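One structure is given here, and the rest of the page talks about it.
Residue numbers (our numbering): 1 to 371.
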């Protein structure tokens, strides 16, 4: 009915695209990628002021983060300046168009299959802290006085010629279902009882930034944050846009639209439940609360057998197809998310490989009639 369609959430099966296109989530939506806290003490420890410097994706891309770290921390050999020079020579000062200045577009090939793991604890943000104090300077008669310049030190203090490696104070982790945690990297006092029993205080605590919690529905694969991985979902729209305009030949008037249909409806979504063998329509339940072990001959559906056929993680598959308006070439895009599969296991996980090669064989059949 019309009322039912009106109340239907068009983004229900497309959480990644909703986050990217509707909510406009970015790397700094919940927290800065890198934050440096500077404590500047000009008159001993009596007069100190705090300064915060945040770095985002653009600062990494253009090298500003290397330039600023080089100025804050005095390291032997100035490795941050070396990295900045490498960045410029490799990406900025070449005749090849710099791929760092824009998000990656869908590769210009006929079939694309993107598969990756999600919901593995992944580092997504980093905090550094420095205490800047006046540096004692020796005169010719070996007496000392304080210079007006300040130096960057870590919490342990460093009054030598160099400040050493930048001191990390905390790490922000994204974990299952996109939940955020902050892990302290500073040494904390341990009680006698704790040291005697060998117990350690948990360093991870739920993270909120002025009430801003995570807006992502997954975490990354243990190496790459989910926001970077899920960008591939935008590639699915290339085909849907082509399909919507395939039969449209007349020029459009200003403000007119090709179709009032939801472009997302052209993306086919299916899932294979945890422990299951068949692909089912739809995104599936967000929580693994269905007992598929009792419905199959699989005894172990955990993650302890990453190379064996007993490893049956939940997988969600997004598929779209279209035809190029300029070349007439038909092309397809498939994105597969495997719950709980770590980065290094992606290319050797049986279930991911089976899902990917199923698509490959199907494409070989349709394109060349080989299978």
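C-beta atoms are modelled at their ideal positions from N, C-alpha and C, and glycine is treated no differently. It should be emphasised that the depicted structure is a prediction, and the values quoted were computed from it without experimental measurement.
| Check | Outcome |
| --- | --- |
| Closest Cα partner of residue 20 within the set 235, 51 and 174 | 235 |
| DSSP state of residue 346 mapped onto helix, strand, coil | helix |
| Cβ-Cβ separation, residue 75 to residue 163 (assumed contact under 8 Å), whole Å | 7 Å |
| Nearest candidate by alpha-carbon position, reference residue 119, set 351, 173 and 9 | 173 |
| For residue 378, the residue or residues it bridges with in DSSP | Since the displayed the chain opens at 1 and closes at 371, residue 378 lies outside it and no answer follows. |
| Opening and closing residue of the beta strand (DSSP E) in which residue 268 lies | 268–272 |
| Alpha-carbon to alpha-carbon, residue 331 and residue 238 | 10 Å |
| Cut-off 6 Å between Cβ atoms - residues of its own chain near residue 50, not counting five sequence neighbours on either side | 39 |
| Which residues DSSP lists as bridging residue 69, in chain order | Its beta-bridge partners do not exist; DSSP assigns none. |
| Burial state of residue 370, where buried means 16 or more other Cβ atoms lie within 10 Å | exposed |
| Simplified DSSP assignment, three categories, for residue 170 | strand |
| Neighbourhood of residue 70 by C-beta, 8 Å cutoff - its chain only, sequence neighbours within 5 removed | 78, 80, 81 and 84 |
| Residue-level contact to chain B via CB, residue 222, 8 Å cutoff | Within the model displayed, chain B is absent; a lone protein chain is all it includes. |
| Residues sharing a beta bridge with residue 280, DSSP | 271 |
| Contacts around residue 363, its chain only, beta-carbon distance under 6 Å, and the 5 residues preceding and following it disregarded | 111 |
| Nearest candidate by alpha-carbon position, reference residue 268, set 59, 353 and 321 | 321 |
| Same chain, Cβ closer than 8 Å to residue 346, five either side skipped, listed in chain order | 115, 116, 117, 221, 338 and 352 |
| For residue 363, the three-state DSSP class (helix, strand or coil) | helix |
| Nearest-angstrom Cα separation, counted from residue 132 out to residue 22 | 43 Å |
| Coarse secondary structure for residue 99, derived from DSSP in three states | helix |
| Residue 204: first and last residue of the uninterrupted beta strand (DSSP E) it sits in | 204–206 |
| Distance, residue 92 Cα to residue 333 Cα | 31 Å |
| Local Cβ density within 10 Å of residue 366, reported as buried at 16 or more and exposed below that | exposed |
| Helix, strand or coil at residue 40 according to DSSP, with G and I counted as helix | strand |
| Residue 170 versus residue 264: straight-line alpha-carbon distance, rounded | 39 Å |
| Distance between beta carbons of residue 273 and residue 323, contact taken as under 8 Å | Actually they are not in contact, since the Cβ atoms of residue 323 and residue 273 sit about 33 Å apart, beyond 8 Å. |
| Contact under 8 Å by Cβ, residue 219 with residue 178 | yes |
| Residue 47 to residue 130 span [Cα, whole Å] | 16 Å |
| Range of the contiguous beta strand (DSSP E) that encloses residue 315 | 315–323 |
| For residue 31 and residue 25, the rounded distance between their alpha carbons | 11 Å |
| Paired residues, beta bridge with residue 52 - DSSP | 37 |
| DSSP-derived helix/strand/coil call for residue 133 | strand |
| CB contact flag (residue 35, residue 127, <8 Å) | yes |
| Candidates 223, 108 and 359, of which the one nearest residue 341 by Cα | 223 |
| Simplified DSSP state of residue 47, which is helix, strand or coil | strand |
| Proximity to residue 359 [Cα-Cα], best of 17, 318 and 72 | 318 |
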